[in-house]
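If you're matching them up, the sequences are chains A and B in order. Residues in the first sequence are numbered consecutively from 1, following UniProt numbering. Residues in the second sequence are numbered consecutively from 1, following UniProt numbering. For every residue, glycine included, the Cβ atom is placed at its ideal position computed from N, Cα and C. Quick notes on the structure that follows.
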Amino acid sequence: MLSRVAESVFWMNRYIERAENYSRFIDVNHQLSLDLNEEVPNQWLPLVHTTGDYELFAKKYSETSPVNVIRFMTFDEENPNSIFQCLSKARENARTIRENISTSMWEVLNEFYLYVKDYRKLYLETNGDHGDTLSMGLSDFLSTVRKSCQSFYGCSDATISHDEVWNFALLGRFLERADKTTRILDMKYFILLPSVHDVGSTLDLLQWLSLLKSASAHEMYNRRYKKIDPTDIAEFLILNDTFPRSIIFCIQEMQEALEKISGLKEGLPRNSAQDATTVYLNRLRSENIKSIFDKGLHEYLDDIQIELNQIGSKIVERFFTN
Amino acid sequence: MFIADYSAKNIYDEMFSNEGFPRKSYDFVKTKMESLGGIELLKRSSSAERALMSLGITFTLYGDGGEQERIMPFDVIPRIVPSEEWINIEKGLKQRILALNLFLNDIYGEQKILKDKIIPRDIIESSTGFLKQCIGLKPPKDIWIHITGTDLVRDGAGKFHVLEDNLRCPSGVSYVLENREVMKRTFPELFEKLNIRQVYDYPYHLRSMLENLTDASDPVIAVWTPGVYNSAYYEHSFLAQKMGVYLVEGSDLVVENHKVYMKTTKGLRKVDVVYRRIDDTFMDPSSFREDSLLGVKGIFEAYKRGNVALANAPGTGVADDKVIYSYVPKIIKYYLGEDSIIPNVPTYLCSEDSDLKYVLDNIHNLVVKAANGAGGYGMIIGPKSSKQEQEDFKELIKADPRNYIAQPVLNLSTVPTLISDKIESRHVDLRPFILYGKDIYVMPGGLTRVALRKGSLVVNSSQGGGSKDTWVLG
Chain A
1 MLSRVAESVF
11 WMNRYIERAE
21 NYSRFIDVNH
31 QLSLDLNEEV
41 PNQWLPLVHT
51 TGDYELFAKK
61 YSETSPVNVI
71 RFMTFDEENP
81 NSIFQCLSKA
91 RENARTIREN
101 ISTSMWEVLN
111 EFYLYVKDYR
121 KLYLETNGDH
131 GDTLSMGLSD
141 FLSTVRKSCQ
151 SFYGCSDATI
161 SHDEVWNFAL
171 LGRFLERADK
181 TTRILDMKYF
191 ILLPSVHDVG
201 STLDLLQWLS
211 LLKSASAHEM
221 YNRRYKKIDP
231 TDIAEFLILN
241 DTFPRSIIFC
251 IQEMQEALEK
261 ISGLKEGLPR
271 NSAQDATTVY
281 LNRLRSENIK
291 SIFDKGLHEY
301 LDDIQIELNQ
311 IGSKIVERFF
321 TN
Chain B
1 MFIADYSAKN
11 IYDEMFSNEG
21 FPRKSYDFVK
31 TKMESLGGIE
41 LLKRSSSAER
51 ALMSLGITFT
61 LYGDGGEQER
71 IMPFDVIPRI
81 VPSEEWINIE
91 KGLKQRILAL
101 NLFLNDIYGE
111 QKILKDKIIP
121 RDIIESSTGF
131 LKQCIGLKPP
141 KDIWIHITGT
151 DLVRDGAGKF
161 HVLEDNLRCP
171 SGVSYVLENR
181 EVMKRTFPEL
191 FEKLNIRQVY
201 DYPYHLRSML
211 ENLTDASDPV
221 IAVWTPGVYN
231 SAYYEHSFLA
241 QKMGVYLVEG
251 SDLVVENHKV
261 YMKTTKGLRK
271 VDVVYRRIDD
281 TFMDPSSFRE
291 DSLLGVKGIF
301 EAYKRGNVAL
311 ANAPGTGVAD
321 DKVIYSYVPK
331 IIKYYLGEDS
341 IIPNVPTYLC
351 SEDSDLKYVL
361 DNIHNLVVKA
371 ANGAGGYGMI
381 IGPKSSKQEQ
391 EDFKELIKAD
401 PRNYIAQPVL
411 NLSTVPTLIS
421 DKIESRHVDL
431 RPFILYGKDI
441 YVMPGGLTRV
451 ALRKGSLVVN
461 SSQGGGSKDT
471 WVLG
């Protein structure tokens with residue numbers, strides 16, 4: 001396949017995955033804020049920190065009000081990672097590779113984009129900056145975004161050949177997903193509790209629970225563990241090799257996709273992207289949650305992000321530029 | 001609203017005779033539309049528009065309100081060509097393409113037609129479409145024009161004429177195919193009852209025509225697009241997708257050892273056939289325009305050596321120069337010994353003194369066009385223009401007579417068209433698509449373009465035109 005096409009497929013999937021994650025982040029945080037009383041510290045700032053776009057946010061908005069954060073993350077044109085921007089770019093990528101995807105995939109994505117675009121217009125026209133009407137329809141909107149992302153995946157799965165195009169799609173999707181799972185876990189680092197005595201309190205547990213929900217991991221976690229416990233949650237989201245949003249699962253999928261792309265079975269030489277992924281996967285497999293916590297969870301998650309970025313650059317080098 | 005109130009006077013209307021009776025071919029459609037009623041028709045029309053929107057068959061308008069995506073206006077009332085008329089059109093188009101192809105072979109070869117003084121040599125040599133670089137070139141299978149979109153119009157008496165030949169990168173075929181899909185969803189009952197000749201296999205014909213250009217056993221075929229910002233990008237990607245071939249941009253291609261390769265995730269891969277949707281002179285900065293950023297260095301040399309096939313062949317533009325167009329009846333006679341089946345529109349050549357004088361004196365009654373203009377640019381429609389515009393245009397003509405032709409204003413035929421909530425008459429033309437491979441294939445029907453502004457004769461989509469589905473019955 002053309003290198004340019006591989007790159008567009010990869011990014012199209014990253015953007016869809018990102019939009020899906022953002023919609024869940026915002027929704028969970030919104031639900032959490034509805035559960036908490038006013039004395040609890042600001043729940044919205046950590047969200048902006050988590051996405052890594054704090055600087056841009058601070059430049060544009062003077063206040064971390066819920067309205068501002070939601071607007072920034074959903075509809076802001078200047079935020080390259082807002083849901084609206086993700087969708088615009090995913091669609092633009094799809095437009096440049098339409099001959100490689102099925103019509104039904106294109107239609108799902110195109111209608112999805114038109115929905116977000118129309119909703120955004122409506123939101124900016126009617127809601128403006130009035131916080132009181134903010135919640136109206138927000139959950140429905142975010143839920144439609146998630147469902148549309150999933151129907152895009154379902155549609156890809158069922159309507160295009162699982163060949164190279166498909167494997168580059170998986171690569172983009174799982175690289176993005178692994179990155180977002182590290183950020184979800186790291187969110188707890190930014191969420192300050194009112195005091196150290198609150199560790200293990202209802203509030204603390206509520207926050208951990210919301211992290212699980214942000215990763216859509218709540219039910220699956222409950223099937224595996226009996227109570228809400230930070231160590232167990234971290235173990236589940238990092239090392240559980242059957243849960244599709246855990247970091248180790250994502251890396252496994254990437255490794256498999258890379259193997260198929262490189263045609264290992266055809267005896268072609270391995271490449272650096274593949275090597276890096278395998279080395280890292282083996283390292284993860286040898287780890288346990290205790291050693292991770294000993295190192296410090298926040299520092300450990302930083303390391304994973306660096307690792308993922310390196311794998312990302314190797315993919316770019318090997319396949320997209322020639 | 002409705003069709004009962006419709007009138008088309010002093011004009012050839014495709015649906016109604018001058019006495020106001022529906023023509024035979026439209027009988028069923030007219031009855032059906034009447035029984036549906038205005039409200040149902042409007043409902044179906046807006047659902048057709050929604051379908052086009054979600055299929056993403058749009059173009060982007062840039063204006064005050066920022067970017068706006070629009071669909072190409074589409075009208076749900078079909079244009080019908082009766083099969084007995086179509087048989088003749090098909091024959092006429094095949095004849096024309098065959099003769100024009102022989103003409104190109106000759107012009108870039110022995111130039112017998114010039115030696116026999118059928119066409120003045122200077123007209124050929126001064127044509128911007130005539131590429132000296134192509135002299136002596138032998139394209140695969142001796143075919144130059146693989147894909148043609150010939151524009152046809154009816155005159156006031158209802159007779160078809162060729163308005164122009166588009167022999168370079170004619171576009172619009174994707175609209176024909178998409179319009180048809182949407183029409184099938186919109187009026188399934190019409191398709192059940194009428195025997196409408198299908199068009200969906202066009203991409204297969206196109207692909208096998210392209211495969212015919214190479215001897216490679218499992219050829220790699222690519223559609224070459226200038227990129228996503230080109231106004232016909234949708235069509236390029238549509239055709240690549242429907243044919244199941246690669247869509248490439250200039251930067252995806254590279255020439256090594258006079259062979260063309262594309263850059264893939266597994267390294268370079270040889271390309272055998274390129275359906276290019278990029279102008280001749282932008283194709284290769286080392287042979288043509290040096291400033292082309294879209295082109296691929298060395299592709300023309302690779303083509304000359306027979307290492308890659310290009311469709312259409314470079315150099316075909318000389319045959320759709322509007323001055324040379326006026327010689328097509330003679331070209332047909334010269335190479336085939338036949339009279340042309342579909343006549344040209346009478347044409348005045350400003351390069352000839354007597355014609356020039358007539359054009360300058362009668363510009364208010366004529367359509368004057370630049371020999372290499374396209375898309376409705378570089379032209380003036382006499383009766384619709386101001387005195388000042390006419391004077392300005394006369395100066396342009398006098399400065400470069402070779403570059404202008406003139407034709408009488410044709411009273412293009414009309415078709416009933418849904419305009420907001422009324423049915424009104426609008427002028428149309430017709431662009432059938434013709435493929436020249438092992439045989440010559442003419443798509444039954446083609447793109448009917450509609451001038452949406454009341455009374456307007458300009459059907460180009462770049463000038464606000466829309467389109468209709470075209471049905472050949474039987």
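- The alpha carbon of alanine 276/A has as its nearest neighbour, out of Leu122/A, Gln310/A, Asp302/A and Ser286/A, the alpha carbon of Gln310/A.
- With fewer than 16 other Cβ atoms from the protein chains shown falling within 10 Å of its own Cβ, alanine 399/B counts as exposed.
- Any Cβ of chain B closer than 8 Å to the Cβ of arginine 14/A would place that residue at the interface, and such an atom is absent.
- If you look at lysine 89/A, you'll find it in the alpha helix (DSSP H) that goes 83-96.
- Taking valine 328/B as the centre and dropping the five residues before and after it, the same chain places the C-beta of Arg96, Ala99, Leu100, Val162, Asp165, Ser340 and Asn344 closer than 8 Å to its C-beta, in chain order.
- Aspartate 429/B and leucine 447/B have their C-alpha atoms spaced approximately 8 Å apart.
- Contacts between leucine 114/A and chain B, judged by CB atoms closer than 8 Å, involve Met53 and Ser54 in chain order.
- In this structure, the CA atom of phenylalanine 243/A is about 18 Å from the CA atom of aspartate 229/A.
- The secondary-structure analysis by DSSP pairs arginine 426/B across a beta bridge with Val415/B.
- Of all alpha-carbon atoms in Ser174/B, Ile87/B and Gly267/B, the one lying nearest the alpha-carbon of serine 231/B is that of Ser174/B.
- Sorting Val459/B, Val199/B and Leu473/B by C-alpha distance to the C-alpha of phenylalanine 74/B places Val459/B at the top.
- Isoleucine 306/A counts as exposed, since fewer than 16 other beta carbons sit within 10 angstroms of its beta carbon.
- Only residues of its own chain outside the window of five on either side were considered, and among them Leu301, Ile304 and Gln305 have a CB closer than 6 Å to the CB of threonine 182/A, listed in chain order.
- Aspartate 215/B and lysine 141/B have their C-alpha atoms spaced approximately 11 Å apart.
- The three-state reading of DSSP puts methionine 443/B in coil, since its state is none of H, G, I, E or B.
- Around the Cβ of glutamine 407/B, a 10 Å sphere holds 16 or more other Cβ atoms; the residue is buried.
- Under the three-state reduction of DSSP output, isoleucine 70/A falls in the helix class.
- A Cβ-Cβ distance of about 54 Å is found for the pair lysine 394/B and serine 3/A, leaving them out of contact under the 8 Å criterion.
- Taking isoleucine 71/B as the centre and dropping the five residues before and after it, the same chain places the C-beta of Glu49, Leu52, Met53, Ile57 and Thr58 closer than 7 Å to its C-beta, in chain order.
- Taken through DSSP and simplified to helix, strand or coil, methionine 220/A comes out as helix.
- The beta carbon of leucine 293/B sits no closer than 8 Å to any beta carbon of chain A.
- The CB of phenylalanine 319/A comes closer than 7 Å to the CB of Thr265 in chain B, given here in chain order.
- Note on the segment 271-322 of chain A: whole alpha helix (DSSP H) runs with a minimum of 4 residues are 272-285, 289-295 and 297-315, in chain order.
- Contact of tyrosine 200/B with chain A by beta-carbon distance below 8 Å is absent, the smallest such distance being about 13 Å.
- Per DSSP, the unbroken alpha helix (DSSP H) holding glycine 172/A starts and ends at 164-190.
- Among the bridge pairs identified by DSSP, phenylalanine 59/B is matched with Arg70/B.
- Non-local C-beta neighbours of asparagine 179/B in its own chain, meaning closer than 7 Å and more than five positions away in sequence, comprise Phe74, Ser467 and Asp469, ordered along the chain.
- In the assembly as shown, aspartate 5/B is an exposed residue. Its beta-carbon has fewer than 16 other beta-carbons within 10 Å.
- In the structure shown, histidine 161/B adopts extended strand secondary structure according to DSSP, grouped into three states.
- Leaving aside the five residues that flank leucine 336/B on each side, the residues in its chain whose CB is nearer than 6 Å to its CB run, in chain order, Ala99.
- Residues of chain A with a Cβ closer than 7 Å to the Cβ of aspartate 252/B are, in chain order, Leu2 and Arg4.
- Taking leucine 36/A as the centre and dropping the five residues before and after it, the same chain places the C-beta of Gln43, Leu203 and Leu206 closer than 8 Å to its C-beta, in chain order.
- Interface criterion not met: the Cβ of glutamate 256/A is under 8 Å from no Cβ in chain B.
- Not one beta carbon of chain B lies nearer than 8 Å to the beta carbon of glutamate 78/A.
- A straight-line Cα-Cα distance of about 25 Å links serine 17/B and glycine 465/B.
- Here the segment 159-170 of chain A does not lie against the segment 44-60 of chain A, with fewer than 3 beta-carbon pairs under 8 Å apart.
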